[in-house]
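Reviewing the structure listed below.
Number of protein chains: 2
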Amino acid sequence: MSAKRGDTLLTSRQKELLKLIIEEYIQTAHPVGSKSICERMNCSSATIRAEMSILEDMELLEKTHISSGRIPSEKGYRYYVDNIMQPQKLSGEDMLKLQTVINNKSLAISDVITKSMEIVAEMTNYTTIVLGKSSKDNLVSKVEVIPVDDNSLVAIVVTDKGHVEHKNLYLEGTVSSNDISKTIELINKLIIGTPIDEVSTFLEYKVKPIISNYVQQHEILYNAFYNAFSDFASNVNHVNMTGKVNMLKQPEFSDSQKIKEIISKFEDKSLVNSIEEKESGVNIYIGSENDFDDDVTVIKTKYLINGEEGTIALIGPKRMDYDRVITLLNYINDNINK
Amino acid sequence: MSAKRGDTLLTSRQKELLKLIIEEYIQTAHPVGSKSICERMNCSSATIRAEMSILEDMELLEKTHISSGRIPSEKGYRYYVDNIMQPQKLSGEDMLKLQTVINNKSLAISDVITKSMEIVAEMTNYTTIVLGKSSKDNLVSKVEVIPVDDNSLVAIVVTDKGHVEHKNLYLEGTVSSNDISKTIELINKLIIGTPIDEVSTFLEYKVKPIISNYVQQHEILYNAFYNAFSDFASNVNHVNMTGKVNMLKQPEFSDSQKIKEIISKFEDKSLVNSIEEKESGVNIYIGSENDFDDDVTVIKTKYLINGEEGTIALIGPKRMDYDRVITLLNYINDNINK
DNA sequence: TTTTAGCACTCATTATTTTTCAGTGCCAAA
DNA sequence: TTTGGCACTGAAAAATAATGAGTGCTAAAA
Chain Y
1 MSAKRGDTLL TSRQKELLKL IIEEYIQTAH PVGSKSICER MNCSSATIRA EMSILEDMEL
61 LEKTHISSGR IPSEKGYRYY VDNIMQPQKL SGEDMLKLQT VINNKSLAIS DVITKSMEIV
121 AEMTNYTTIV LGKSSKDNLV SKVEVIPVDD NSLVAIVVTD KGHVEHKNLY LEGTVSSNDI
181 SKTIELINKL IIGTPIDEVS TFLEYKVKPI ISNYVQQHEI LYNAFYNAFS DFASNVNHVN
241 MTGKVNMLKQ PEFSDSQKIK EIISKFEDKS LVNSIEEKES GVNIYIGSEN DFDDDVTVIK
301 TKYLINGEEG TIALIGPKRM DYDRVITLLN YINDNINK
Chain D
1001 MSAKRGDTLL TSRQKELLKL IIEEYIQTAH PVGSKSICER MNCSSATIRA EMSILEDMEL
1061 LEKTHISSGR IPSEKGYRYY VDNIMQPQKL SGEDMLKLQT VINNKSLAIS DVITKSMEIV
1121 AEMTNYTTIV LGKSSKDNLV SKVEVIPVDD NSLVAIVVTD KGHVEHKNLY LEGTVSSNDI
1181 SKTIELINKL IIGTPIDEVS TFLEYKVKPI ISNYVQQHEI LYNAFYNAFS DFASNVNHVN
1241 MTGKVNMLKQ PEFSDSQKIK EIISKFEDKS LVNSIEEKES GVNIYIGSEN DFDDDVTVIK
1301 TKYLINGEEG TIALIGPKRM DYDRVITLLN YINDNINK
């Protein structure tokens, strides 16, 4: 927590006002007027208006039009997140729901993460993303090939991190099972320990030149395996998104143009992949601070457990329940680290 | 083609008129007025109106309001599809695009199907779905277990159809590698040849009673494998959807409420799975004829190649370019059968 | 110096009315 | 049987009016 970032000098009353406005807006999605506040701060609406006006000068609040109530600006949310909001404890209900997954000791960690985030999506009505394992550091630890019928095989690659990829290969023409097993032997001998994203270049420089010495129908086989392995490298990133529809329930995305925009972005693989988090900790990217969409907030955190690494992220409107989401992500983060 | 289904007695002029109206509406999405037709049929708009009126009495056309042009009714589309439309040849351009995938002999058939349908989605601006392999008829042909670290394993199952499933298992406490290999041996011995959807009951009745005779830490191991296999059975259906966003581009789905409805349906796994086609041939389900949504048409066909079976489907507005889509699906169908 | 009541003013939103126009149905003549 | 003519319809767009939540400013009260 790089605390107090940009903590402009606000009186404690201004801080309280900002807190009340942001929290009301988070709940209602309607601009907040001076009247609705004054009861809670026992002073008149005129006083509130004066203070609001100051907060607007500081660019922490905005108006939607000249005579409207106030909504938080991006800077306002940022100030709230950095200087006002204080992390709550996880509610009993939330904890209970997560525990059923987290305590299930027979689940692999990657499943715990995915299922936890599915639960979070459901609880919060935001969209969650688990971006799994990048190919870096995944070393091939076993290549298995199983014949299916005369013309097709299944090739399976397992990495040292327990990542599995498979691909059905089709062989043009008949290839002797002897040739197949020789090829596999060769591949296994030469390739084990190679980073998975380097395997295709490795195949080209180490295997291709010598395969013809050992294998009769080397060309067909080499090509089949080459195709398979280049796919493996690019597939190692897996993505799991849950609750895309939740986003459409948010009032800020009720315009059909905006809906299309958001859905398109959800479908855009390279954009979704770019959500991968580099920094450590639970980080918050409000509006233009993220590369996904100016109208959303992305909260994400990197995980690295037993060599499996990835990012868990949550996307919601800028008007997000920051408090709860951060508490949830922290809780998941702490718990998957045992 | 169960031709001439419901071929009410239409004069050839009425047929031509219906054809023109439907084809214009498919292109423009606007109700078609009598004036815009009369040039092409060289007669006056009054004559067209009279004929339109007859077609409306037959429930082949509808009005959106009392003084509007005509749009096809569901029955109208049905009549068009059954009795008027005649299958075109595939355009050179369309064929070219598909050939790049279909002629790539090193791709497994399942990849050819998936990629073809991705291309179709892009070409047509509709949404395509490939619903893969149901679990029926998939017999376990190999179980492979690979240790990742002290507490975790990867279990891989391959079926006789070349279908592969894998799962990371986490073992609570340390389990001797001897016990693990004994368990695998036992499972491989007893389970090979079992339909994948029956494996978990099989485990319960055949393996559970005797495993304690061979394996020390049988409980941990049995549970881990039991969980893994029950997942396998339910995962055998895989789904690939492409072009969800295309649907939102269609003018009939520009209303934000409708968009949400469609997107929700796309996300609903059981609904998507229910698209599976039982009948043979390329079949057309217009509006209320399908279970997906009254405002769409679903065109689908079953495939069964080398033991791999599934459904390829296309979803678009009822105002769909039936001609082209059917030609495309037929072409793909013919070609994946070599 | 700070707070507050009072008041004129603004502008989104909603409702109401008016205008426009593509298209229809019907009829009588061709 | 076809067609030109014409009155009529109703959606859609444009213009107008009414409503009301909320503001900024000012001058008096605290």
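Order-wise, the sequence lines are chains Y and D.
Using my numbering, the first residue of the first sequence is number 1, and each one after it goes up by one.
Using my numbering, the first residue of the second sequence is number 1001, and each one after it goes up by one.
All residues carry an ideal CB built from backbone N, CA and C; glycine is no exception.
From a predicted model like this one, the values you see are computed outputs, not experimental measurements.
Open item on the list: Nearest by alpha-carbon distance to Y303/Y: which of N283/Y, G316/Y, D294/Y is it?
Closed with: Counting from 1 along the first sequence, the entry for residue 303/Y is found at position 303. Relative to Y303/Y, the option among N283/Y, G316/Y, D294/Y whose CA is nearest is N283/Y.
Task: Cβ neighbours of Y1035/D in the same chain (closer than 7 Å, five flanking residues each side left out) - done: Here residue 1035/D refers to the residue found at position 35 of the second sequence. The sequence shown places Lys at residue 1035/D, rather than the Tyr named in the question. Excluding residues up to 5 positions away in sequence, S1045 lie with their Cβ nearer than 7 Å to the Cβ of K1035/D in the same chain.
Open item on the list: Taking CB distances under 7 Å as the criterion, tell me whether N227/Y reaches chain D.
Closed with: Counting from one through the first sequence, the residue named residue 227/Y turns up at place 227. For N227/Y, the answer is yes, since a Cβ of chain D falls inside 7 Å of its Cβ.
Task: Burial state of E51/Y (16 or more Cβ within 10 Å) - done: Locating residue 51/Y in the first sequence gives position 51, counting from the first residue. Classification for E51/Y: buried.
- [ ] Please classify T1301/D: does DSSP put it in a helix, a strand, or coil?
- [x] Position 301 of the second sequence, counted from the start, is the residue given in the question as residue 1301/D. Look at T1301/D here: in three-state DSSP terms it is strand.
Open item on the list: With a threshold of 7 Å on Cβ separation, who are the neighbours of M1001/D within its own chain once the five nearest residues in sequence on each side are excluded?
Closed with: Counting from 1 along the second sequence, the entry for residue 1001/D is found at position 1. Its pLDDT being 40, under 50, M1001/D is placed unreliably in this model, and the value from its coordinates should be taken loosely. Setting aside the 5 residues that flank it on each side, M1001/D has no residue in the same chain whose C-beta is closer than 7 Å to its C-beta.
Open item on the list: What does the alpha-carbon distance come out to for the pair Q1122/D and D1294/D?
Closed with: Counting from one through the second sequence, the residue named residue 1122/D turns up at place 122. Counting from one through the second sequence, the residue named residue 1294/D turns up at place 294. First, the residue type needs correcting, since residue 1122/D is Glu and not Gln in the sequence shown. Straight through space, the alpha carbons of D1294/D and E1122/D are spaced by roughly 23 Å.
TODO: Specify the secondary structure class of K130/Y as computed by DSSP and reduced to three states.
DONE: Counted from its first residue, the first sequence places residue 130/Y at position 130. It should be noted that the sequence gives Val, not Lys, for residue 130/Y. Strand, per DSSP.
Task: Residue burial classification, I286/Y (beta-carbon count within 10 angstroms, cutoff 16) - done: Residue 286/Y sits at position 286 when you count from the first residue of the first sequence. Buried is the call here.
TODO: Measuring alpha carbon to alpha carbon, tell me which of A155/Y, K19/Y, N178/Y ends up nearest N83/Y.
DONE: Locating residue 83/Y in the first sequence gives position 83, where the first residue counts as 1. Measuring from the Cα of N83/Y, the nearest candidate turns out to be K19/Y.
Task: Where the stretch 1229 to 1261 of chain D meets chain Y: residues whose CB sits under 8 Å from a CB there - done: Within the stretch 1229 to 1261 of chain D, K1244, V1245, L1248, K1249, S1254, D1255, S1256, I1259, K1260 place their CB atoms closer than 8 Å to a CB of chain Y, listed in sequence order.
- [ ] Evaluate S53/Y with the Cβ neighbour count: other Cβ atoms within 10 Å of its Cβ, from every protein chain shown; 16 or more gives buried, anything less gives exposed.
- [x] Stepping through the first sequence from its first residue, residue 53/Y is reached at position 53. Around the beta carbon of S53/Y, fewer than 16 other beta carbons sit within 10 angstroms, so the residue counts as exposed.
TODO: Can you tell me which of E1219/D, T1201/D, D1160/D puts its alpha carbon nearest to the alpha carbon of E1172/D?
DONE: Residue 1172/D sits at position 172 when you count from the first residue of the second sequence. Closest by C-alpha distance to E1172/D, out of E1219/D, T1201/D, D1160/D, is E1219/D.
Open item on the list: For the beta strand (DSSP E) containing N1246/D, name the first residue and the last one.
Closed with: If you number the second sequence from 1, residue 1246/D lands on position 246. No beta strand (DSSP E) holds N1246/D; the alpha helix (DSSP H) holding it covers 1244 to 1249.
Task: Reference L1010/D, options I1022/D, I1026/D, H1030/D, L1055/D, closest by Cα - done: Translated into positions along the second sequence, residue 1010/D becomes position 10. Of the listed residues, the one whose Cα sits closest to L1010/D is L1055/D.
TODO: Please check if any C-beta of chain D sits within less than 7 Å of the C-beta of A121/Y.
DONE: Working through the first sequence from its first residue, we reach residue 121/Y at position 121. Not one chain D Cβ lies under 7 Å of A121/Y.
- [ ] May I have a chain-ordered list of the alpha helix (DSSP H) segments no shorter than 4 residues that lie completely inside the stretch 1276 to 1338 of chain D?
- [x] Scanning the stretch 1276 to 1338 of chain D from its first residue to its last, the whole alpha helix (DSSP H) runs of 4-plus residues come out as 1322 to 1336.
Open item on the list: Going by C-alpha to C-alpha distance, which of F1253/D, P1072/D, H1238/D sits closest to V1358/D?
Closed with: Residue 1358/D cannot be examined here, being either before or after the span of chain D that is shown, 1001 to 1338.
Task: Three-way DSSP call (helix, strand, coil) for T1011/D in this model - done: Here residue 1011/D refers to the residue found at position 11 of the second sequence. In the three-state scheme derived from DSSP, where H, G and I count as helix and E and B as strand, T1011/D is classed as coil.
Task: Cross-strand partners of V239/Y (DSSP beta bridge) - done: By one-based count along the first sequence, residue 239/Y stands at place 239. Assignment of beta-bridge partners to V239/Y by DSSP yields L131/Y.
- [ ] Using only alpha-carbon positions, find the residue among R319/Y, S264/Y, I315/Y, G310/Y that is nearest to I109/Y.
- [x] Locating residue 109/Y in the first sequence gives position 109, where the first residue counts as 1. If we check each option's Cα against that of I109/Y, G310/Y comes out closest.
TODO: Compare the C-beta of K189/Y with all C-beta atoms of chain D and state if any pair is closer than 7 Å.
DONE: Within the first sequence, numbered from 1, the residue matching residue 189/Y stands at position 189. No Cβ of chain D is located within less than 7 Å of the beta carbon of K189/Y.
- [ ] Determine the burial state of A3/Y: buried for a count of at least 16 other Cβ atoms within 10 Å of its Cβ, exposed for fewer.
- [x] By 1-based counting over the first sequence, the position of residue 3/Y is 3. In this prediction, A3/Y has a pLDDT of 43, which is less than 50 and means its spatial position is unreliable; what the coordinates show is noted afterwards. With fewer than 16 other CB atoms across the displayed protein chains lying within 10 angstroms of its CB, A3/Y is exposed.
Open item on the list: Tell me the rounded alpha-carbon separation between K1063/D and K1258/D.
Closed with: Sequence index remark: in the second sequence, residue 1063/D carries index 63 (1-based). Sequence index remark: in the second sequence, residue 1258/D carries index 258 (1-based). Our two residues, K1063/D and K1258/D, have alpha carbons roughly 21 Å apart in a direct line.
- [ ] Compute the distance between the beta-carbons of V164/Y and V1154/D, then report whether it is under 7 Å.
- [x] As a working note, residue 164/Y is residue 164 in the first sequence. As a working note, residue 1154/D is residue 154 in the second sequence. Yes; because the gap between Cβ atoms is below 7 Å, this pair is in contact.
Open item on the list: Short of 7 Å Cβ to Cβ, which residues in the stretch 1125 to 1148 of chain D face chain Y?
Closed with: Residues passing the 7 Å Cβ filter: K1142, E1144, I1146, V1148.
TODO: Would you kindly work out how many angstroms separate the C-alpha atoms of R70/Y and I305/Y, rounded to a whole number?
DONE: For the purposes of this step, residue 70/Y is taken as the residue at position 70 of the first sequence. For the purposes of this step, residue 305/Y is taken as the residue at position 305 of the first sequence. Cα to Cα, the separation comes out at about 44 Å.
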